[in-house]
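Position in the sequence shown (first residue = 1) + 383 = this note's numbering. We put the beta carbon where it would ideally sit given N, CA and C, even for glycine. For clarity, every value in this text was computed on a predicted model and none was experimentally measured.
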Amino acid sequence: MGDRTVITTQVAIMGAGPAGLMLSHLLAQSGIENTVVEIRSRRDISHTIRAGILEAGSVDLLVDSGVDNVLRDGHKHEGTEFRVNGEGHRIDFTSLVGQSVWLYPQNDVFDDLSARREADGGDVRYSCSDVSTEDLAGQPKVLFTDPNGERFELRAQILVGADGSRSHCRFQIPEGERTWYFNEYPFAWFGILAEAPRSAPELIYATSDAGFALISQRTDTVQRMYFQCDPTTNAADWTDEQIWEQLRARVNGNGFELKEGPVLDKMVLPFRSFVNAPMRYGNLFLAGDAAHTVPPTGAKGLNLALHDVKLLFEGLDSFFTTGSSALLDSYSGRALDRVWKAQNFSYWMTTLLHTVPTEENHAFFRARQLGELRSLLESEHGRAYIAECYTGWQTK
């Protein structure tokens with residue numbers, strides 16, 4: 384097999400998605416050496432279409448670090464609309480909690496960060512194979528082969544697993560050293576990209592007797608929309624007209640009609656919640672989807688990942704600057720505080736707006752659900768709670 388070329392660095396990062404690249408960028412700005420190892424190609428990551436609602440804190444993190452395309456290319460949303468049986472109720476984030484969110488797709492965040500790391504001479508290695516890790520409780524090592532077939536051993540003081548929901552790093556933590564929390568939902572989202580004008584300036588969360596739908600945007604001419612479906616649904620079986628029929632039934636009403644067009648892409652997204660606790664083992668630290676996933680209803684996935692990175696960077700910066708591990712040692716607990724708040728909000732939003740097919744007494748469940756929605760939407764305090772959770776809690 385031949386010898387491996389040895390690389391030494393202060394922080395090794397597995398995963399070059401937005402979380403891994405954001406951490407790499409922040410560390411480099413503080414003069415902390417780091418190397419990123421990624422099994423996917425840069426193109427594959429860039430072309431993975433994901434949702435993109437950024438909390439104010441996430442935008443601040445990007446902009447304050449000099450990555451500010453979101454301010455030019457993103458769309459600021461000062462509220463959102465809940466449609467209940469065709470009747471619209473706007474939740475005004477700015478008047479209720481003084482915050483807003485930005486519509487900016489996750490792959491655009493990746494493109495911005497990957498371009499910045501390249502411009503800054505960052506050591507980011509895409510398309511790696513035969514990746515494994517060793518000695519997580521001591522001096523972590525990442526073994527990998529680059530696209531040219533050269534074999535490397537990356538030695539670091541700290542290893543960060545930011546390698547997504549199919550994380551390799553997560554599985555390296557001994558079972559006795561971790562607890563996994565998992566919930567699978569009895570429904571999924573049928574998602575489409577459609578060539579059509581914007582139906583609304585902000586997101587629409589719709590619930591009706593026909594089920595749930597979410598109307599989002601991508602560009603002036605391409606929109607992203609979802610409706611609740613059975614997890615066993617095969618997207619290929621659906622025609623454009625069948626898709627639009629479902630969306631119309633769930634959203635249209637009281638003078639509002641969706642703007643329709645050709646369906647460019649369609650997929651089924653299963654719903655799961657997952658948490659790995661603690662988010663540390665020895666000198667391995669987990670961040671983002673490697674440590675937790677949430678259903679997309681609350682728009683928390685990318686924001687949680689960026690918040691993890693912010694906390695982890697603060698701990699690493701303190702450790703390498705002062706030699707104190709106190710802030711780094713508190714990382715998992717501080718991160719999990721927000722993770723569980725986001726899990727609660729995501730679960731709550733999901734059960735608030737979706738029809739639960741396993742509910743035995745459906746009529747009671749639906750009537751109670753509508754009562755809860757009226758209680759929230761007719762109350763300034765209820766709307767403020769939604770606004771505070773959706774735009775992001777202030778970090779203590």
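Residue interval of the beta strand (DSSP E) (run including residue i)
i	result
Ile575	562-578
Asn659	646-660
Leu526	524-528
Arg466	462-467
Ser478	That residue, Ser478, is in no beta strand (DSSP E); its alpha helix (DSSP H) goes 476-480.
Ser548	Counting along the chain, Ser548 falls outside any beta strand (DSSP E), and DSSP gives it neither H nor E.
Ser483	Where Ser483 is concerned, there is no enclosing beta strand (DSSP E), given that its DSSP letter is neither H nor E.
Phe535	534-538
Asp513	512-517
Val507	506-508
Nearest-angstrom Cβ-Cβ length linking residue i and residue j, presumed shorter than 8 Å
i	j	result
Val446	Leu454	6 Å
Gly440	Val419	Going by Cβ atoms, the distance from Gly440 to Val419 rounds to 23 Å, so no, they are not a contact pair.
Leu647	Leu576	4 Å
Leu479	Ala770	4 Å
Thr733	Pro678	5 Å
Gly398	Asp546	4 Å
Option nearest residue i by Cα separation, candidates the options
i	options	result
Asp592	Thr562, Trp731, Arg631, Gln625	Arg631
Glu558	Tyr664, Phe465, Leu410	Tyr664
Leu735	Gly754, Glu743, Pro523, Ser713	Gly754
Ala589	Glu464, Ala725, Phe476	Glu464
Ala673	Leu496, Arg508, Ile556	Ile556
Ala395	Ser515, Thr477, Arg387	Ser515
Glu421	Leu519, Asp513, Met608	Asp513
Thr704	Val677, Asp623, Val634, Gln393	Gln393
Arg561	His675, Trp621, Asp529, Gln629	His675
Ile428	Asn490, Tyr714, Trp621	Asn490
Thr774	Ile432, Ala399, Gln482	Gln482
Pro530	Pro679, Phe476, Glu416, Arg425	Arg425
Gln522	Arg534, Gly532, Glu533, Val543	Val543
Endpoints, alpha helix (DSSP H) assigned at residue i
i	result
Leu760	745-760
Arg766	763-774
Val450	That residue, Val450, is in no alpha helix (DSSP H); it is neither H nor E in DSSP.
Gly716	714-736
Arg499	489-502
Proximity test, Cβ basis, 8 Å: residue i and chain B
i	result
Leu444	Given the protein chain composition of this structure (a single chain), no chain B is represented.
Any non-hydrogen atom of the ligand MN within 7 Å of residue i CB
i	result
Val507	No copy of the ligand MN appears in this structure; indeed no ligand is present at all.
Inter-stretch contact (C-beta, 8 Å, three-pair minimum) for the stretch 427-444 and the stretch 677-685: yes
Those runs of the beta strand (DSSP E) which lie wholly inside the stretch 571-633 and span at least 3 residues: 587-591, 594-598, 605-612
May I ask you to verify whether the stretch 718-735 touches the stretch 666-678, counting CB pairs closer than 8 Å and requiring at least 3? yes
If you pair each beta-carbon of the stretch 449-465 with each one of the stretch 536-547, do three or more pairs fall below 8 Å? no
Complete beta strand (DSSP E) runs within the stretch 385-439 (minimum length 3 residues, chain order): 388-391, 394-397, 417-420, 436-438
Would the stretch 603-621 and the stretch 567-585 be scored as touching if the rule is three or more Cβ pairs under 8 Å? yes
Is there contact between the stretch 761-770 and the stretch 463-479, where contact requires at least three CB pairs shorter than 8 Å? yes
Restricting to runs no shorter than 4 residues, where is the alpha helix (DSSP H) found entirely within the stretch 657-707? 684-705
The stretch 593-601 in contact with the stretch 737-749 per 3-pair CB rule at 8 Å: yes
Three or more C-beta pairs closer than 8 Å, one from the stretch 697-710 and one from the stretch 597-607: is that the case here? no
Stretch-stretch touch, CB-based, cutoff 8 Å, three pairs: the stretch 400-420 with the stretch 488-507: yes
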